[in-house]
Amino acid sequence: MDESTLKRRERLQAMQRANLDSWCGRAPKVDSTGLDTNMKKNTGFIKKCKASMGQDSAAQLLREVNLLKLDKYVSEIVPAAAEGLLRCKTSSDFQAAVDVITALHARFPIQFTASLIRVLLKSLSPPGVAALAAMSTEQREREEQGR
């Protein structure tokens, strides 16, 4: 294996350990007293998540995860993060999105992660029988291809 593969593998293993620590409650708690509560900045974060979680915006999102007091906005961040994930096109975009999702999971292991899983599963599930019946044949085929 070359050096870049080893570094990537080490990074992924460290991320996995951090995710497990967060899920098990062993992650360090964030002191929210010094975090920015500015509503404009917090809603801006949500808009950035929705627009793209790719490589071009990941560094800014990661910085803001650690600087903003996002506790009140988790329910809005979840669908925005799911939409931002859908906008990822390249493997580097997906890797950057995983970094952002990991940071959000570390901050809000129960609230964020459980809700994100629910939203992702719902988006992957097939539409109901009534919804399928109302669709044209072309719409049904596009829906199945999109999934």
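In this note's numbering, the protein residues as written are 103 to 249. A virtual CB, placed ideally from N, CA and C, is assigned to each residue, including glycine.
Tell me whether residue i is buried or exposed, calling it buried when 16 or more other Cβ atoms sit within 10 Å of its Cβ.
i	result
Leu-218	buried
Met-155	buried
Glu-105	exposed
Asp-133	exposed
Ala-161	exposed
Ala-250	There is simply no residue 250 to check, as the chain begins at 103 and stops at 249 in what is shown.
Ser-238	exposed
Ala-216	exposed
Ala-208	buried
Asn-144	buried
Given residue i, which residues of its chain have a CB within under 7 Å of its CB, disregarding the five upstream and five downstream residues?
i	result
Leu-164	Asp-201, Val-202 and Ala-205
Phe-196	Cys-190
Residue i and residue j look like a contact to me (Cβ under 8 Å); what is the Cβ gap, rounded to whole Å?
i	j	result
Val-176	Phe-147	Actually they are not in contact, since the Cβ atoms of Val-176 and Phe-147 sit about 11 Å apart, beyond 8 Å.
Ala-184	Val-231	That belief does not hold up - the Cβ atoms of Ala-184 and Val-231 are roughly 24 Å apart, past 8 Å.
Cys-190	Ala-199	5 Å
Leu-170	Asp-138	5 Å
Gly-127	Ala-153	Not a contact, Cβ separation roughly 32 Å.
Pro-229	Glu-243	Contact doesn't hold; Cβ gap of about 13 Å is too wide.
In whole angstroms, what separates the C-alpha of residue i from that of residue j?
i	j	result
Ala-236	Gln-247	18 Å
Gly-136	Ser-194	32 Å
Ala-120	Glu-240	44 Å
Leu-122	Glu-166	22 Å
Asn-140	Leu-188	28 Å
Glu-112	Gln-118	10 Å
Lys-142	Lys-109	37 Å
Thr-107	Lys-224	34 Å
Lys-102	Asn-168	Residue 102 lies beyond the range of the chain shown here (103 to 249); nothing can be said about it.
Lys-174	Ala-116	29 Å
Going by beta carbon distance, what residues of the same chain come within less than 8 Å of residue i, once the five residues before and after it are set aside?
i	result
Ile-179	Phe-147, Ile-148, Cys-151, Leu-172, Leu-206 and Phe-214
Thr-192	Gly-156 and Gln-157
Among the residues of its own chain, which have a CB less than 6 Å from the CB of residue i, if the five just before and after it don't count?
i	result
Trp-125	Pro-211
Ser-159	Lys-150
Which ranges would you report for the alpha helix (DSSP H) in the region 150-236 if only whole runs of at least 4 residues count?
-> Counting only runs of 4 or more, we get 157-169, 176-188, 193-209, 213-226 and 231-236.
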